[in-house]
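Student:
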Amino acid sequence: MRRLLRLFRHARSLRSVPLGAVARRAATLLPDYLGDGSSRSLVNITLELTYRCNVQCEFCFLKDSVLYQKRDELTVAEIARLADEAADHGASFFLTGGEPFLRRDLVEIVAAIKERGLKVGVNTNGLLVNESVGARIREAGLDYVIFSLHGPREIHDCLENRKGSYDKALANLTTFARDKGRTRVFANCVVAKRNSAVLGQVPDLLAHLPLDGLTFQHETFLTPKEVSQHQRVWRKLFPERELPMVYQSSGYGDRDFEAMEREIATMQGPEATKRWPFPIFFKPGLEGQKLRDWYTSHMRVKGRCLYIWTDTRVEPDGLVNACQVMPTPMGNVRETPLDELLNNEPYREFRRKNREAGGVFPACARCCKLYRNPINFMAQTPAWQGWVEKPEPCDRDPASSPAPSS
Ligand SMILES: C[S@@+](CC[C@H](N)C(=O)[O-])C[C@H]1O[C@@H](n2cnc3c(N)ncnc32)[C@H](O)[C@@H]1O
Ligand code: SF4
Ligand code: SF4
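In terms of our numbering, the sequence shown is residues 2 to 407.
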């Protein structure tokens, strides 16, 4: 009975998972997963077009590392060449940043990708998507856009640390959605400390718009303990590789979980489809103790990452990373053909070590890429869990330590 209940809960949480894309990933993956770490499939490229940004979100997972860095950004011609290589796989592009609309050539970039017959979407804080830019990017063939909106006016402005950003973003989203044509339009709200008790106001603010969906992304962050576990596991698995810096972000800590649960239940309840004209998804779907654990516990992470087998992440200057969270530089598309990079020895080693580790690392704890694998609940506890629960070996002689005072 308990097993059945668990399966039922799991099936409900899957509503936020794009099952078509997952099935495609799984089908291309199976033969590769048993091999030497090579992958023949490439489903999507996350292309970070710039690390420049016009706001300062307090939860941004890039803000303590690369955000605001000036990089020698890939040109339209270089991105077109990358799209040629991606076209051999039929891979799609997800354009993000920093703020992608700070690139004055964004419309040309989208056009270059579309000319090669590939799907392309963009994620934006919406501040620069005025009527004219919106019309031009739709004309270029943009498949979908995700506007960030993190709560009612005062909260959104405070989270982005910029007065007036809510009014501007909502005005631009309203115009874009009104004229959307064939471009699908989504809104995304990060569940942060400041907005967690008023989440239910977000769909009301958007209810007048012909949106294709609203997602709530639970904030991703790592606790100091998870960072330290990550460092121990990384040193053991990759003694030759540089230790990648990972973010901590602002999410850890208590909040009004009862209010949060009430808001979530209303948005997922039977009345939701009557009240709001678009589907609402939570990423991942969390409730009860799982919701509390996400924000107030160190995660005992389990699952299998598909991303490193089927997707890749390219930084603004062409540096290719295997992982969404950790800097895992594998080479640069400016210098090396993409296919060669995706299966070079460091990349294959990364996939093999991930597989040996049980499909996850400690830094995967709240990664949005992990939680889109629908069969995570079947995964075993990763092998490294035992190593990190033992105390860190200490090279100091205990006899020379001062006696603990009572
Ligand atoms: C890094 S931003 C870049 C795109 C654009 N600047 C924006 O904010 O929409 C990509 C997405 O990550 C989300 N995001 C940023 N920090 C996050 C965090 N710590 N947890 C969850 N989502 C986060 C943003 O809200 C946005 O939807
Ligand atoms: S707008 Fe996007 S990139 Fe800029 S700070 Fe916010 S989340 Fe980060
Ligand atoms: S699940 Fe882990 S390995 Fe996969 S992309 Fe996320 S952080 Fe990287």
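Note that beta-carbon positions come from the ideal geometry of N, C-alpha and C, so glycine has one too.
These numbers come from a predicted model, not from an experiment.
Per DSSP, Lys313 is paired with what?
Tutor: For the purposes of this step, residue 313 is identified with residue 312 of the sequence shown, where counting begins at 1. With the sequence shown as reference, residue 313 is identified as Thr, and Lys is not the correct amino acid for it. Partner(s): Ile46.
Student: Let's test the definition: count the other Cβ atoms within 10 Å of the Cβ of Pro240 and tell me whether it reaches 16, buried, or not, exposed.
Tutor: Along the sequence shown, read from residue 1 onward, the residue named residue 240 stands at position 239. Pro240 comes out exposed.
Student: What span of residues does the alpha helix (DSSP H) with Pro347 cover, start to end?
Tutor: Position 346 of the sequence shown, counted from the first residue, corresponds to residue 347. Start and end: Glu346 to Glu357.
Student: DSSP on Pro330, reduced to helix/strand/coil?
Tutor: To locate residue 330, count along the sequence shown from 1; it is residue 329. It is a strand residue.
Student: Applying the 10 Å Cβ sphere with the 16-neighbour rule, what's the burial state of Gly289?
Tutor: As a working note, residue 289 is residue 288 in the sequence shown. Exposed, because fewer than 16 other Cβ atoms sit within 10 Å of the Cβ of Gly289.
Student: Look up Cys365 in the DSSP assignment and say whether it is helix, strand or coil.
Tutor: Counting from one through the sequence shown, the residue named residue 365 turns up at place 364. In this structure, Cys365 counts as helix in the three-state DSSP scheme.
Student: Quick one: measure Cβ to Cβ for Arg139 and Gly182, integer angstroms, because I've assumed they're closer than 8 Å.
Tutor: As a first step, residue 139 is located in the sequence shown; it is residue number 138 there, counting from the start. As a first step, residue 182 is located in the sequence shown; it is residue number 181 there, counting from the start. Right, their Cβ atoms sit about 5 Å apart.
Student: Taking buried to mean at least 16 other C-beta atoms within 10 Å of its own C-beta, is Tyr296 buried or exposed?
Tutor: Walking along the sequence shown from the start, residue 296 turns up at place 295. Result: buried.
Student: Alpha carbon to alpha carbon, how far is Leu5 from Gly38?
Tutor: In the sequence shown, the residue the question calls residue 5 occupies position 4. In the sequence shown, the residue the question calls residue 38 occupies position 37. Summary for Leu5: the model assigns pLDDT 49, below 50, so the residue's position carries little reliability; its value from the coordinates is reported in the next sentence. Their Cα atoms are separated by approximately 35 Å.
Student: Alpha carbon to alpha carbon, how far is Glu390 from Gly165?
Tutor: Along the sequence shown, one-based indexing puts residue 390 at 389. Along the sequence shown, one-based indexing puts residue 165 at 164. Glu390 and Gly165: Cα-Cα distance of roughly 47 Å.
Student: On the CB-based measure, 16 or more other CB atoms within 10 Å of its CB, does Gly281 come out buried or exposed?
Tutor: Counted from its first residue, the sequence shown places residue 281 at position 280. A small fix is needed here, since residue 281 is Ile in this sequence, not Gly. That one is buried.
Student: What's the gap between the Cα of Arg117 and the Cα of Gly254?
Tutor: What you label residue 117 is simply residue 116 of the sequence shown in a count that begins at 1. What you label residue 254 is simply residue 253 of the sequence shown in a count that begins at 1. Cα to Cα, the separation comes out at about 46 Å.
Student: Considering Cys159, what are the terminal residues of the alpha helix (DSSP H) in which it resides?
Tutor: Residue 159 sits at position 158 when you count from the first residue of the sequence shown. Arg154 to Glu161 is the extent of the alpha helix (DSSP H) around Cys159.
Student: Of the choices Asp89, Ile114 and Glu86, whose alpha-carbon is the least far from that of Phe95?
Tutor: To locate residue 95, count along the sequence shown from 1; it is residue 94. When each option's Cα is compared against that of Phe95, the closest is Ile114.
Student: Is any heavy atom of ligand 3 found at a distance shorter than 8 Å from the C-beta of Cys368?
Tutor: Here residue 368 refers to the residue found at position 367 when the sequence shown is read from its first residue. Within the cutoff, so yes.
Student: What do you get for Arg301, buried or exposed, if any count of 16 or more other CB atoms within 10 angstroms of its CB means buried?
Tutor: Mapped onto the sequence shown, residue 301 falls at position 300. Result: exposed.
Student: In this structure, how does DSSP classify Ala141 when only helix, strand and coil are distinguished?
Tutor: By one-based count along the sequence shown, residue 141 stands at place 140. Coil, per DSSP.
Student: Residue range of the alpha helix (DSSP H) that Ile80 falls in?
Tutor: Here residue 80 refers to the residue found at position 79 when the sequence shown is read from its first residue. It spans Val77 to Ala88 - the alpha helix (DSSP H) in which Ile80 sits, taken as one unbroken run.
Student: Taking the C-alpha atoms as reference points, what is the distance between Ala141 and Thr184?
Tutor: Within the sequence shown, numbered from 1, the residue matching residue 141 stands at position 140. Within the sequence shown, numbered from 1, the residue matching residue 184 stands at position 183. The straight-line gap from Cα to Cα measures roughly 10 Å.
Student: Identify, in the order they occur along the chain, each residue of the same chain with its Cβ nearer than 8 Å to the Cβ of Arg7, setting aside the five sequence neighbours on each side.
Tutor: Within the sequence shown, residue 7 is the residue found at index 6, counting from 1. A caution first: Arg7 carries a pLDDT of 44, below 50, which makes its placement in the model too unreliable to give a value.
Student: By the three-class DSSP mapping on this structure, what secondary structure does Thr125 have?
Tutor: Here residue 125 refers to the residue found at position 124 of the sequence shown. DSSP places Thr125 in strand when its eight states are reduced to three.
Student: Which of the three DSSP states is assigned to His231 in this structure?
Tutor: Residue mapping note: residue 231 aligns to position 230 of the sequence shown, counting from 1. The answer is helix: DSSP assigns His231 an H, G or I state.
Student: Which residue from Gln232, Pro278, Arg314 and Phe222 puts its Cα closest to that of Asp294?
Tutor: For this step, residue 294 is matched to residue 293 along the sequence shown. When only C-alpha atoms are compared, the closest one is Phe222.
Student: Taking DSSP as the reference, what is the three-state secondary structure of Arg387?
Tutor: Against the sequence shown, residue 387 aligns to sequence position 386. One point to set straight first is that residue 387 is Gly, not Arg, in the sequence displayed. Correct three-state label for Gly387: helix.
Student: Less than 9 Å between the C-beta atoms of Thr313 and Val326, yes or no?
Tutor: Here residue 313 refers to the residue found at position 312 of the sequence shown. Here residue 326 refers to the residue found at position 325 of the sequence shown. Against a cut-off of 9 Å, the Cβ pair of Val326 and Thr313 comes out as no contact.
Student: Pairing CB atoms from the region 75-92 with CB atoms from the region 329-341, are three or more of them under 8 Å?
Tutor: Enough Cβ pairs lie closer than 8 Å, so yes.
Student: Taking 8 Å as the cut-off, is the CB of Ser149 close to at least one heavy atom of ligand 2?
Tutor: Taking the sequence shown and counting its residues from 1, one reaches residue 149 at position 148. True, at least one ligand heavy atom lies under 8 Å from that Cβ.
Student: So who's on the other strand from Leu320, going by DSSP bridges?
Tutor: Along the sequence shown, read from residue 1 onward, the residue named residue 320 stands at position 319. Paired residue(s): Asn333.
Student: Restricting to Cα atoms, I'd like to know which of Ile309, Pro375 and Arg305 is closest to Gly360.
Tutor: In the sequence shown, counting from the first residue as 1, residue 360 sits at position 359. If we check each option's Cα against that of Gly360, Arg305 comes out closest.
Student: If distances are taken between C-alpha atoms only, which option among Ile309, His231, Val234 and Phe148 comes closest to Phe217?
Tutor: Along the sequence shown, read from residue 1 onward, the residue named residue 217 stands at position 216. Of the candidates Ile309, His231, Val234 and Phe148, the one whose C-alpha sits nearest the C-alpha of Phe217 is Phe148.
Student: What runs of the beta strand (DSSP E), each 3 residues or longer, lie entirely inside the region 247-308?
Tutor: Here the runs fully enclosed are 281-284.
Student: With C-beta atoms as the reference, is Trp385 less than 9 Å away from Val203?
Tutor: Taking the first residue of the sequence shown as 1, we reach residue 385 at position 384. Taking the first residue of the sequence shown as 1, we reach residue 203 at position 202. No, the Cβ-Cβ distance between Trp385 and Val203 is not below 9 Å.
Student: Check each candidate in Pro101, Val247 and Val130 and name the one with the smallest Cα separation from His231.
Tutor: Looking up residue 231 in the sequence shown gives position 230. Nearest option by C-alpha distance: Val247.
Student: Using the Cβ count rule (16 or more neighbours within 10 Å means buried), how would you classify Leu35?
Tutor: Taking the first residue of the sequence shown as 1, we reach residue 35 at position 34. Counting Cβ neighbours within 10 Å, Leu35 comes out exposed, since fewer than 16 surround it.
Student: Hey, quick one: how far does the alpha helix (DSSP H) through Thr175 stretch, first residue to last?
Tutor: The residue you call residue 175 lines up with position 174 of the sequence shown. Segment Ser166 to Arg179, the alpha helix (DSSP H) holding Thr175.
Student: Is Val326 near ligand 3, going by C-beta to nearest heavy atom under 8 Å?
Tutor: Here residue 326 refers to the residue found at position 325 of the sequence shown. Val326: yes, Cβ under 8 Å from ligand 3.
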